[in-house]
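Here the structure comes first, spelled out in structure tokens, and everything after it is commentary.
Numbering (the working numbering), first residue to last: -13 to 496.
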């Protein structure tokens, strides 16, 4: 602030007691003739500024409130951008002001509904910005939000670069002024647990003290998930680890290729019951070539397939030291990500699992109109065999081939077949991924396989002719289509797709 007085005549101030003037800007007195300041004790001190109230008033007043207007009504860890590249608020934001005098200390707390301390800090959190600088901060947010670039996509803004220029040192918090307090949701151990904000109530407190006098202001608020309720994340800044719990609604779809039928055959005098089974269709050439009996009774229970599906999700949606993904990069910090998928009736929309044998293998999918995940083994049929090379084993066996986790049994009739169990786990992870991408970016975004199934192929789900071949080295994107089939050991969820999972834990403040 500043204070200016201009007079043409005399300007005289006489005080029998104390007289204090203080300003963060200038105090200017100007007169045509003279300026005189006089007290019982002679002398005027200049150049010894201190904020008004530091030792002038023994009392003090504080105000405290939670910002819930549009730009501060939701919270996303790390400020991960939304599908359109829009900035997301990464903080719970509080307004705080101090008047009348400075104080000796300030304490900021977040309490859970059972009064457990979730977060506490003397002299407030590490990020506090004077209210008068907020318009400048808003400009920095716009400038600091990454511009969408399909070739070099970036989903996390540089928060330190945006906020740090406006942050103030802890000693300033106790002085008269108006401030905004930014809390990122991490607790005292530097852990952010989104599950702690799902349908929970909290109390924020600010405690000011001066010369033994204490004043407390508090505000109550509640939080809930804004987007979905089937994923939780726990982020540990110290260990650089992110644990993700993913709830999926898997179902038992039964089996195909094991049901025999019985019906009457023959003329009036020679009528008899005849039983036909799916394995009766297997060509005698295939039976002789593989020398393996058909599967006539299910070899794997639904629970075994369910467990295998969960293992696949955990394996291909994690990025840590145990796989090619290693970690995800968040603002130059490398976080290992571990996914733990669980079956839950209220979880993510997921396929029903169907066990197949002695039939044409189905194509797994997980879209709004149809959600099926096929596990197939034993003898299987491919109707396209008539278009294959007549000299090939595949043609000779009339389209029948054998799938088993035992490589010796398969005899490489179809050279592009991947290991049975690893292939199923990868397909499971891919199909579950469609619902995640659907929730984040919409139906076309999910179905297009990152622009490798476009146009009519959005319906047929066939690979575009100009889709890339799989990379010769390095990672292969789980959610993308290629000209050749995946090299499973190198296939993994991308860093950007994992950031989308974290974004889905977005919190709404009430």
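Yeah, the Cβ is synthetic: ideal placement off N, Cα and C, and Gly gets one too.
Asked	Found
Residues in the same chain with beta-carbon distance under 7 Å from residue 466, minus the five sequence neighbours each way, listed in chain order, please.	435, 436, 438
Quick one, which of 290, 239, 417, 118 has its alpha-carbon nearest residue 354's?	417
Can you give me the start and stop residues for the alpha helix (DSSP H) that residue 146 sits inside?	145 to 149
List the residues that DSSP assigns as beta-bridge partners of residue 497.	No answer is possible for residue 497: the residues shown for the chain start at -13 and end at 496.
According to DSSP, is residue 548 part of a helix, a strand, or is it coil?	The requested residue 548 is not part of the displayed model; the chain covers only -13 to 496.
Thinking just about the alpha-carbon of each residue, which of 76, 286, 269, 295 is nearest to the one in residue 279?	269
What runs of the beta strand (DSSP E), each 3 residues or longer, lie entirely inside the stretch 326 to 410?	334 to 342, 351 to 353, 356 to 362, 364 to 367, 386 to 389
Among all the DSSP beta bridges, which residues are the ones paired with residue 163?	84
Just how far apart, CA to CA, sit residue 360 and residue 309?	25 Å
Looking at the secondary structure, which residues open and close the beta strand (DSSP E) in which residue 96 lies?	91 to 98
Would you kindly report the start and end of the unbroken alpha helix (DSSP H) that includes residue 300?	288 to 302
Taking the C-alpha atoms as reference points, what is the distance between residue 123 and residue 146?	12 Å
Which value, in whole angstroms, describes the spacing of the CA atoms of residue 493 and residue 185?	10 Å
Can you give me the C-alpha to C-alpha distance between residue 153 and residue 114, rounded to a whole angstrom?	6 Å
Note down the Cα distance separating residue 121 from residue 167, rounded to an integer number of angstroms.	15 Å
Would you give the residue range spanned by the alpha helix (DSSP H) that residue 126 belongs to?	120 to 130
Is the Cβ-Cβ distance between residue 411 and residue 301 less than 8 Å?	yes
Can you tell me which of the three DSSP states residue 487 falls into?	helix
Is residue 125 near the ligand NAP - that is, is its Cβ less than 7 Å away from at least one heavy atom of it?	No copy of the ligand NAP occurs in the structure displayed, which carries no ligand at all.
For residue 440, collect the residues of the same chain with a Cβ closer than 8 Å to its Cβ; drop the 5 residues on either side in sequence, then sort them by chain order.	434, 450
Note down the Cα distance separating residue 482 from residue 160, rounded to an integer number of angstroms.	41 Å
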